[in-house]
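Protein chains: 2
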Amino acid sequence: MAGAAVTGYRSAGAVNPVTVNSFAGEIGALRPAVRDLVRRRMDVLAPAYRLMYAEPLDVSRAAGAYLFDRDGRRYLDLYNNVPGIGHSHPKVAEAVATALTEANPHTRYLSEAVVDYAERLLETFAVEARPPDRVQFCCTGTEANDLAVRIARAAAGRVGVIVTQHAYHGSGGLAVEASPSVAPGEDWVFAVPAPLDGDPAAFAASVSAAAAELDARGFGCAALLLDSAFTSDGVVTDPIGLLGPAYAAARAAGGLVIADEVQPGFGRLGDGWWGHARHGVVPDLITLGKPMGNGLPIAAVVSRSEIFAAYEPAYFNTFAGTPVTVAAARTVLDVIIADGLIEHARSVGARLLGGLQGLFGPAAVRGAGLYAAVDIHDPAGRPDPAATAGLIAALRRRQILVSATGPGGSTLKIRPPLVVTEADIDHFLEVLDDELPRLVG
Amino acid sequence: MAGAAVTGYRSAGAVNPVTVNSFAGEIGALRPAVRDLVRRRMDVLAPAYRLMYAEPLDVSRAAGAYLFDRDGRRYLDLYNNVPGIGHSHPKVAEAVATALTEANPHTRYLSEAVVDYAERLLETFAVEARPPDRVQFCCTGTEANDLAVRIARAAAGRVGVIVTQHAYHGSGGLAVEASPSVAPGEDWVFAVPAPLDGDPAAFAASVSAAAAELDARGFGCAALLLDSAFTSDGVVTDPIGLLGPAYAAARAAGGLVIADEVQPGFGRLGDGWWGHARHGVVPDLITLGKPMGNGLPIAAVVSRSEIFAAYEPAYFNTFAGTPVTVAAARTVLDVIIADGLIEHARSVGARLLGGLQGLFGPAAVRGAGLYAAVDIHDPAGRPDPAATAGLIAALRRRQILVSATGPGGSTLKIRPPLVVTEADIDHFLEVLDDELPRLVG
Ligand SMILES: Cc1ncc(COP(=O)(O)O)c(C=O)c1O
Ligand SMILES: Cc1ncc(COP(=O)(O)O)c(C=O)c1O
Numbered sequence: 003m004a005g006a007a008v009t010g011y012r013s014a015g016a017v018n019p020v021t022v023n024s025f026a027g028e029i030g031a032l033r034p035a036v037r038d039l040v041r042r043r044m045d046v047l048a049p050a051y052r053l054m055y056a057e058p059l060d061v062s063r064a065a066g067a068y069l070f071d072r073d074g075r076r077y078l079d080l081y082n083n084v085p086g087i088g089h090s091h092p093k094v095a096e097a098v099a100t101a102l103t104e105a106n107p108h109t110r111y112l113s114e115a116v117v118d119y120a121e122r123l124l125e126t127f128a129v130e131a132r133p134p135d136r137v138q139f140c141c142t143g144t145e146a147n148d149l150a151v152r153i154a155r156a157a158a159g160r161v162g163v164i165v166t167q168h169a170y171h172g173s174g175g176l177a178v179e180a181s182p183s184v185a186p187g188e189d190w191v192f193a194v195p196a197p198l199d200g201d202p203a204a205f206a207a208s209v210s211a212a213a214a215e216l217d218a219r220g221f222g223c224a225a226l227l228l229d230s231a232f233t234s235d236g237v238v239t240d241p242i243g244l245l246g247p248a249y250a251a252a253r254a255a256g257g258l259v260i261a262d263e264v265q266p267g268f269g270r271l272g273d274g275w276w277g278h279a280r281h282g283v284v285p286d287l288i289t290l291g292k293p294m295g296n297g298l299p300i301a302a303v304v305s306r307s308e309i310f311a312a313y314e315p316a317y318f319n320t321f322a323g324t325p326v327t328v329a330a331a332r333t334v335l336d337v338i339i340a341d342g343l344i345e346h347a348r349s350v351g352a353r354l355l356g357g358l359q360g361l362f363g364p365a366a367v368r369g370a371g372l373y374a375a376v377d378i379h380d381p382a383g384r385p386d387p388a389a390t391a392g393l394i395a396a397l398r399r400r401q402i403l404v405s406a407t408g409p410g411g412s413t414l415k416i417r418p419p420l421v422v423t424e425a426d427i428d429h430f431l432e433v434l435d436d437e438l439p440r441l442v443g
Numbered sequence: 003m004a005g006a007a008v009t010g011y012r013s014a015g016a017v018n019p020v021t022v023n024s025f026a027g028e029i030g031a032l033r034p035a036v037r038d039l040v041r042r043r044m045d046v047l048a049p050a051y052r053l054m055y056a057e058p059l060d061v062s063r064a065a066g067a068y069l070f071d072r073d074g075r076r077y078l079d080l081y082n083n084v085p086g087i088g089h090s091h092p093k094v095a096e097a098v099a100t101a102l103t104e105a106n107p108h109t110r111y112l113s114e115a116v117v118d119y120a121e122r123l124l125e126t127f128a129v130e131a132r133p134p135d136r137v138q139f140c141c142t143g144t145e146a147n148d149l150a151v152r153i154a155r156a157a158a159g160r161v162g163v164i165v166t167q168h169a170y171h172g173s174g175g176l177a178v179e180a181s182p183s184v185a186p187g188e189d190w191v192f193a194v195p196a197p198l199d200g201d202p203a204a205f206a207a208s209v210s211a212a213a214a215e216l217d218a219r220g221f222g223c224a225a226l227l228l229d230s231a232f233t234s235d236g237v238v239t240d241p242i243g244l245l246g247p248a249y250a251a252a253r254a255a256g257g258l259v260i261a262d263e264v265q266p267g268f269g270r271l272g273d274g275w276w277g278h279a280r281h282g283v284v285p286d287l288i289t290l291g292k293p294m295g296n297g298l299p300i301a302a303v304v305s306r307s308e309i310f311a312a313y314e315p316a317y318f319n320t321f322a323g324t325p326v327t328v329a330a331a332r333t334v335l336d337v338i339i340a341d342g343l344i345e346h347a348r349s350v351g352a353r354l355l356g357g358l359q360g361l362f363g364p365a366a367v368r369g370a371g372l373y374a375a376v377d378i379h380d381p382a383g384r385p386d387p388a389a390t391a392g393l394i395a396a397l398r399r400r401q402i403l404v405s406a407t408g409p410g411g412s413t414l415k416i417r418p419p420l421v422v423t424e425a426d427i428d429h430f431l432e433v434l435d436d437e438l439p440r441l442v443g
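Residue numbers (our numbering), protein chains in the order written: chain R, 3 to 443; chain P, 3 to 443.
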């Protein structure tokens, strides 16, 4: 274990899951309207832009758990976790429009709505043992992770960061440096294998070994930065208690713990608000994003005041924590509570996970609530990215949207808006049952 | 000059302009309603948050160039450049609300509105000699500058970045490392004095000296990163042609040039869309933000495809370039054109600058269009931050909002929404004329 860990970051060599389910640029095969738009897009957007699916989807309307293309065809969206309370939620549209007609000052002016939201957000952590008491707003998950690492460094008086080998924490700043799935590693980043085997002690041992290596490199361990559900390492949600020993190992080495809740947060796992809390652990810093504003750019670092106080540079983010995006975020909290979406995620998620286990076998399925991962194997039991891609394309033809994740891109990733219904899930399971014999095993 | 430049970044020791006009925490002196809200805010927001003014402003409504406090008192806003087309613009509210009820997919799906906007945005550069042809959306100016530096590094095959001594380019990532006004410097950043003397050759010489020093440090010069109006160095807009020799010096050293248009862009200077174009120069990368979406979080890196292509890592920003924020940005372009706001900024700005010159003397005033800076001196001609603060507070009492900038915080910063009227400016000049005798000289 320690041996594997000490190979560290540069050896990760992940297949970037981003590129697994991408449109490959075969323009000729597309329908004319789509082809023209793809061409125009390629002529003006930077070359790093990617489209999903061999036939990219031109989205003209969206509602609840459905996307509609230009021709009005409806797709069941089992992939987009940003619109957690449902695409184009009317209450979000209303709250945002109202804020836009009232006022949208930045945070150097007073705004009661922003204070109010921060109070409400902190309440979601109140059940925890040593709850965070302060919020710093950002616009993106990337910004939140960048800032959290800076704060952890200041508080720890160290530099090194431990992540998992296929982690994704953002597209820029220190967040991309700490994302082995995207960037070539810097020496202060050390990547350990995600605990896909579900062994808390072995995971903790590799964190300790990583911290020792960071000490040896002269950086020390400033932070253990973990997605609380390891969503880009293939999704690991169990056993409950998985994170405790690793958190302790990082702290024993003088580091802080940052819980990246950008994917698992806001009730996604159907068991309280936050992925780390499910494991009964208390991080030092927590980063939020994606579903926070149902698609409006809002993110946050949440922590305790004494930890924030360690970071001295002024932090001012022009657009963050302003009434317009906060109006969306406030609506998200209200709707999750009023509509019981966490309980809904738990019960509909149980149906989803149970159904997947029935189809693929219990060993192939991981997840909790409405976050599910299914390892796709070839008949010899090896990871099968081609079959995974085939399955995604077949579902796309049947108007169901999922995608892939994991080191080799051979893990189905399923994370619908929380408002997906039992009937939607049953339909998905039936279509899977129908398509599977043609594709795998 | 070279001597001063070679002192480099760590010696900058700027008074952070962010803290010049801050509420100092004297809660007791505030009116009860404001006091309670400030208390609640301090209890939940991170300690890095700052409020402006000795008596913070509780904004309940905003329209055009006016802010209204909780008691309905109206303030003339001569400071906020984010709502360029005016606070709470009804067309922005309408466009955003419509997009929110239709669809807001991320950039791995097709959306004609996003392609359309990118086309329109690129048209604003069409008058330039070698216009950029591709857009990469971000959510904040920080993200845009972070990415632009990464791209420049990849394209140049070098690491070092040259900035000015009191520059501000962002709150995180490589942008904050390259912001001497906030962060302690890293060795790959070298800061040169801003050309406050308006001498293009001397400025170019200090860029050459900085590049040589970065070569000597082993980093080389990847980029010269300049705010096209040097807005946090005290505002330098003239003479026309100021930037050309410095751009050439950076290129002679193997570096690219990044024009930070977050402050001067979108017509602010009353002379075309972009601050760099006013000087007849062509940057390699251009970063946009602040007024781009009139307050919605949207920013961009604009460049040529071959430069973008040098940067290999995948770039995906969950919230960037989505229909909702693009709807706001599209409205901004449309309104600037339909309402002739660039010409308006030029004519109203000329009145503002002329009036300020009459009051403070031509030597104390810099700026172009609706971006004005006034150096405030004591009777002996020394920079006077106390008088500057006094003037800002006096204007605040007279319900006019401005703030301070510059190394010592002794420069008034005036940059109203572009829709400010001649009558507003005349009122401001009259109030200034009235208050000045009590405060300075
Ligand atoms: C776990 C995790 N952290 C951080 C991020 C970055 O978020 P953003 O795209 O808003 O910068 C992502 C985005 O996919 C993510 O999945
Ligand atoms: C010149 C300049 N560049 C970049 C930024 C960073 O923009 P943001 O706050 O959106 O990250 C600012 C913000 O004040 C700025 O003034």
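By construction, the Cβ of each residue, glycine as well, lies at the ideal position given by its N, Cα and C atoms.
Model, not experiment: these values are computed from the prediction.
Item: Can you find a CB in chain R that lies within less than 9 Å of the CB of residue 138(P)?; Value: yes
Item: Measure the CB-CB distance between residue 316(R) and residue 52(P) and report whether it falls below 9 Å.; Value: yes
Item: Does any residue of chain P bring its CB to less than 9 Å from the CB of residue 50(R)?; Value: yes
Item: With a threshold of 9 Å between beta carbons, is residue 114(R) in contact with chain P?; Value: yes
Item: Does chain A have any CB closer than 9 Å to the CB of residue 85(P)?; Value: Given the protein chain composition of this structure (R and P), no chain A is represented.
Item: Would you give the residue range spanned by the beta strand (DSSP E) that residue 310(P) belongs to?; Value: It is not in any beta strand (DSSP E) - residue 310(P) instead sits in the alpha helix (DSSP H) that spans 307-310.
Item: Would the C-beta of residue 145(P) count as close to ligand 2, meaning under 8 Å from any of its heavy atoms?; Value: yes
Item: Within 8 Å: the Cβ of residue 40(R) and any heavy atom of ligand 1?; Value: no
Item: What does the alpha-carbon distance come out to for the pair residue 258(P) and residue 228(P)?; Value: 11 Å
Item: Indicate whether at least one CB of chain R lies closer than 9 Å to the CB of residue 143(P).; Value: yes
Item: For residue 294(R), which three-state DSSP category applies?; Value: helix
Item: Leaving out five residues before and five after residue 318(P) in sequence, what residues of the same chain have Cβ atoms less than 7 Å from its Cβ?; Value: none
Item: Comparing the CB of residue 142(P) with every heavy atom of ligand 2, is any distance shorter than 8 Å?; Value: yes
Item: So is residue 188(P) in contact with chain R if we call contact Cβ pairs under 9 Å?; Value: no
Item: Between the alpha carbons of residue 14(R) and residue 181(R), how many angstroms are there, rounded?; Value: Confidence in residue 14(R) is poor, its pLDDT being 36 and thus under 50, which makes the residue's placement unreliable; the coordinate value appears in the next sentence. Straight-line Cα distance between these residues: approximately 10 Å.
Item: In the DSSP output, which residue or residues are listed as bridge partners for residue 166(R)?; Value: 194(R)
Item: Check whether the Cβ of residue 127(R) lies closer than 8 Å to any heavy atom of ligand 1, and answer yes or no.; Value: no
Item: Looking at the unbroken beta strand (DSSP E) that takes in residue 63(R), where does it start and where does it end?; Value: 61-65
Item: Starting from the N-terminal side, write out each stretch of the beta strand (DSSP E) that is 3 residues or longer and does not extend beyond the stretch 212-281 of chain R.; Value: 223-229 and 258-262
Item: Could you check whether the stretch 325-339 of chain P touches the stretch 291-300 of chain P, counting it as contact only if at least three pairs of C-beta atoms, one from each stretch, sit closer than 8 Å?; Value: yes
Item: Please state the DSSP three-state secondary structure of residue 36(R).; Value: helix
Item: Look at the alpha carbon of residue 276(R) and the alpha carbon of residue 397(P), and state the distance between them as a whole number of angstroms.; Value: 47 Å
Item: What did DSSP end up calling residue 199(P) once you bin it into helix, strand or coil?; Value: coil
Item: In the DSSP assignment, find the alpha helix (DSSP H) that holds residue 344(R) and state where it starts and stops.; Value: 343-362
Item: Sorted by chain position, which residues of the same chain lie with C-beta nearer than 6 Å to residue 7(P)'s C-beta, five sequence neighbours on each side aside?; Value: Caution is warranted here: a pLDDT of 33 is assigned to residue 7(P), below 50, making its placement in the model unreliable, and the coordinate value is therefore given only provisionally. Only 194, 208, 211 and 212 meet the Cβ criterion.
Item: Report the residue from 127(P), 422(P) and 155(P) whose alpha carbon sits nearest the alpha carbon of residue 354(P).; Value: 422(P)
Item: What do you reckon, is the C-beta of residue 139(R) under 8 Å from a heavy atom of ligand 2?; Value: no
Item: If you follow the beta strand (DSSP E) that residue 137(P) is part of, which residue opens it and which one closes it?; Value: 136-140
Item: Can you list, in chain order, the residues of its chain with a C-beta nearer than 6 Å to that of residue 127(R)? Leave out the 5 residues immediately preceding and following it.; Value: 133 and 134
Item: Would you decide whether residue 243(P) is buried or exposed? Buried here means 16 or more other CB atoms lie within 10 Å of its CB.; Value: exposed
Item: Taking DSSP as the reference, what is the three-state secondary structure of residue 189(R)?; Value: coil
Item: What does DSSP give as the partner residue(s) for residue 405(P) in the beta ladder?; Value: 415(P)
Item: Per DSSP, what kind of secondary structure is residue 436(P) in: helix, strand or coil?; Value: helix
Item: What would DSSP say about residue 325(P), mapped onto helix, strand or coil?; Value: helix
Item: Can you tell me where the alpha helix (DSSP H) holding residue 80(P) begins and where it ends?; Value: Taken as a continuous stretch (DSSP letters only), residue 80(P) belongs to no alpha helix (DSSP H), as it is neither H nor E.
Item: Residue 122(P) and residue 1(P) - do their beta-carbons sit closer together than 9 Å?; Value: What the structure shows of chain P is the stretch from 3 to 443, and residue 1(P) is not part of that stretch, so it cannot be assessed.
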